[in-house]
Every structure is written in C-alpha cells, then in structure tokens.
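In this note's numbering, the protein residues as written are 54 to 205.
Note that CB positions come from ideal geometry on N, CA and C, so glycine has one too.
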C-alpha cells in the first residue's frame with residue numbers, strides 16, 4: 054500500500070528529528086519520495102516556535118491500523134508523549150500523521166483516512182502538493198492540488 058505521511062514539529066532540532074523519523078519509517082517499507090521542509094505558524098493553538106513540516110510517501114505491506122501502531126511507537130521512542138493535553142494541541146518535537154492511503158477510506162475510533170483535517174491545513178497540503186498534487190481525496194472528490202488551491 055502507498056501512504057502519504059505528514060511529519061512535523063516545533064521543538065528542538067526539528068529537521069534532524071524528522072530525518073531520524075524517516076530512517077525509522079523506512080524500516081517499515083520503502084520511502085521513495087519526500088517533500089522539502091516547509092515552515093508554518095502553529096495551527097489550533099499558540100506557541101512562540103514556528104513549525105517545520107514535510108510529507109513523505111511510504112510503500113509498505115502494513116494495513117492502516119498496524120501502520121498507526123508503528124508510527125505511534127516511533128513517536129514515543131523519539132520522546133513524544135501525547136498528541137494533546139486536555140484536548141488542546143501543544144508544541145512537540147515530532148508528529149507523524151497518516152494523510153492518505155491509496156484511495157482507501159478508513160473510519161474507526163482510532164484512525165481516519167483521509168486525515169479528517171488535512172483539507173484545512175496548508176502545512177499538510179503544501180508539502181503534499183509538491184509530489185502528490187494529483188492524489189485523490191476519496192471523500193471530498195478533489196485532488197490535493199485542488200484542495201490546496203481552495204485554501205487560497
């Protein structure tokens with residue numbers, strides 16, 4: 054299966070942390086493409102540190118929930134504890150999200166693919182559009198490029 058993953062963070066040496074995360078992710082399959090690193094303001098909360106974000110492609114035999122387990126293990130091993138505290142986003146050294154998986158739709162309590170907020174987040178769409186602008190969002194019926202253009 055082909056996945057599009059978003060990596061980001063705003064604490065510490067984020068680019069070195071993302072490189073380390075990519076090496077770990079590559080142990081789960083093949084990472085044939087990656088975007089450049091983009092900078093953005095925090096989304097959904099305030100922080101003084103800007104975020105760095107990028108997107109990678111992962112080709113793996115792992116099913117979506119198994120991949121989620123592996124990505125969360127990598128985040129924990131790299132020092133990430135919680136995605137939120139009391140429902141609020143927070144600064145972090147690494148965040149790995151599954152944005153897309155081929156044209157599959159997954160909707161479980163633990164995982165939603167396509168990522169339910171990706172179409173609202175320029176920091177996810179801009180790096181994704183770099184190599185995967187023609188990837189189809191199977192729920193919204195638009196490509197990544199079209200979703201990015203919609204944000205203006």
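Distance, residue j Cα to residue i Cα
{"i": "residue 63", "j": "residue 115", "result": "28 Å"}
{"i": "residue 81", "j": "residue 167", "result": "20 Å"}
Reduced DSSP category for residue i - H, G, I as helix; E, B as strand; rest coil
{"i": "residue 148", "result": "strand"}
{"i": "residue 78", "result": "helix"}
{"i": "residue 112", "result": "strand"}
{"i": "residue 228", "result": "Since the first residue of the chain shown is 54 and the last is 205, residue 228 is not available in this structure."}
{"i": "residue 66", "result": "coil"}
{"i": "residue 187", "result": "coil"}
{"i": "residue 161", "result": "coil"}
Minimum C-alpha distance to residue i - residue among the options
{"i": "residue 174", "options": "163, 202, 161", "result": "202"}
{"i": "residue 205", "options": "193, 184, 172", "result": "172"}
{"i": "residue 72", "options": "131, 155, 187, 95", "result": "131"}
{"i": "residue 74", "options": "103, 104, 125", "result": "125"}
Residue i burial status per 10 Å Cβ neighbour count (16 or more: buried)
{"i": "residue 70", "result": "buried"}
{"i": "residue 68", "result": "exposed"}
{"i": "residue 181", "result": "buried"}
Beta-carbon separation (whole angstroms), residue i vs residue j, contact threshold 8 Å
{"i": "residue 78", "j": "residue 109", "result": "7 Å"}
{"i": "residue 84", "j": "residue 117", "result": "Contact flag wrong, Cβ pair sits at about 17 Å."}
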